[in-house]
Amino acid sequence: MQNLDFDTKEWVTIRDGMSRMTQCAANLVGFENIRLNTRVDGITNLDDGRVELSAKSLHQSTTMAFDAVVLSIPPAAIHNIVDPPKWSFMKEQAIRDLRFRWIVFPSNDMGSSGSGVLLLYSWMSDAAKWSGLSQDERVKICLHDLSKHYADDPEIDVYEQYIESFDVLWTNEWCGGDAMYLPGQFSRFHEVAKARERQIFFAGEHFSRHHTWIAGAIDSAWRTTGEVLGRGVQALGREYFSADQKRE
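With the working numbering as the guide, the letters of the sequence shown map in order to residues 1015 to 1262.
What follows is the structure, encoded as structure tokens:
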């Protein structure tokens, strides 16, 4: 695509840099009308047809109404506005939707009284959208989206039942997280990645067909133990079968 941009004999540059163009535009608009280092956190359609924006900077919050608004911020930034207007279905699907992709409910002591742990998480590019937010902002968005998820159930008040939270951005953790293959990577690299190199063996959930799960780590440990011992190891259970066997 970059080759197409410059695939012409005649093109020009701005002397002293492209920033001169934005500076000239700022002079026309007026620097007093420009808010730098200010993040939009609310968009509201007013009854009179105008659009109201609320924004936060380091020291203050601002709310202003406009006849029209041009959103030039990337979809990831729009994605982190807590309660934007309702747009068309395809628009919502393209740039917003709920910010978490999975809800994992407690599987132990089902039906018992007391509090439990609810796990919300996203993967890959969806997870990256959270990295620019503080922990308080991430919790606020999670509760908001979770309340929308349960909007049709009047008996569930997410905010009332919320006790505390703990979140992890695995991209900020040293070699943390679990394996998530991109298209084509599993078929191309899985077998060769787990193969031994002389007396060095490789194990982990990422080298299992059940990657990302604890079962994958156990599966990998079972396989690697057999490789180290140089013989087969008794199966972990009756349901286990090798990749070369067919389920009976």
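Idealized CB from N, CA, C, for every residue including glycine.
Can you grab the Cα-Cα spacing for the pair I1028 / M1035, in whole Å?
Roughly 8 Å between the two C-alpha positions.
Output yes or no for whether 7 Å exceeds the beta carbon distance between A1231 and E1241.
Not in contact: A1231 and E1241 (Cβ atoms no closer than 7 Å).
To the nearest angstrom, how far is it from the Cα of T1226 to the Cα of A1235?
Distance from the CA of T1226 to the CA of A1235, rounded to the nearest whole angstrom, comes to 14 Å.
Please work out which residues of its chain come closer than 6 Å, Cβ to Cβ, to E1066, disregarding the five sequence neighbours upstream and downstream, and give them in chain order.
So the qualifying residues of the chain are T1058, L1060 and A1079.
Compute the distance between the beta-carbons of F1216 and K1208, then report whether it is under 7 Å.
In contact: F1216 and K1208 (Cβ atoms closer than 7 Å).
Spatial neighbours of P1120 within its chain, please: CB distance less than 7 Å, with the 5 preceding and 5 following residues excluded, ordered by chain position.
Closer than 7 Å at the Cβ level, and outside the excluded window around P1120, lie G1130 and V1131.
Look at the Cβ atom of A1039, then the Cβ atom of I1048, and state whether they are nearer than 7 Å.
Not closer than 7 Å, so no.
First and last residue of the beta strand (DSSP E) that includes D1055?
From DSSP, the beta strand (DSSP E) with D1055 extends over R1053 to N1059.
What span of residues does the alpha helix (DSSP H) with F1203 cover, start to end?
Start and end: Q1199 to K1208.
Please list, in chain order, all residues of the same chain as L1157 whose beta carbon is under 8 Å from its beta carbon, the five residues on each side excluded.
Cβ within range, chain order: V1172, Y1173 and Y1176.
In or out: F1221 buried (at least 16 other Cβ within 10 Å) or exposed?
Classification of F1221: buried, given that the 10 Å Cβ count is 16 or more.
Alpha carbons only, please: which of H1163, S1145 and M1138 is nearest the one belonging to D1192?
Considering only alpha carbons, the answer is M1138.
Could you tell me which of I1087, D1166 and M1194 sits nearest to T1052, measuring between CA atoms?
For the set I1087, D1166 and M1194, the Cα lying nearest the Cα of T1052 is the one of I1087.
For L1072, which residues in the same chain have their Cβ closer than 6 Å to its Cβ, ignoring the five residues on either side in sequence?
The beta carbon of L1072 lies closer than 6 Å to none in the same chain, with the five residues before and after it left out.
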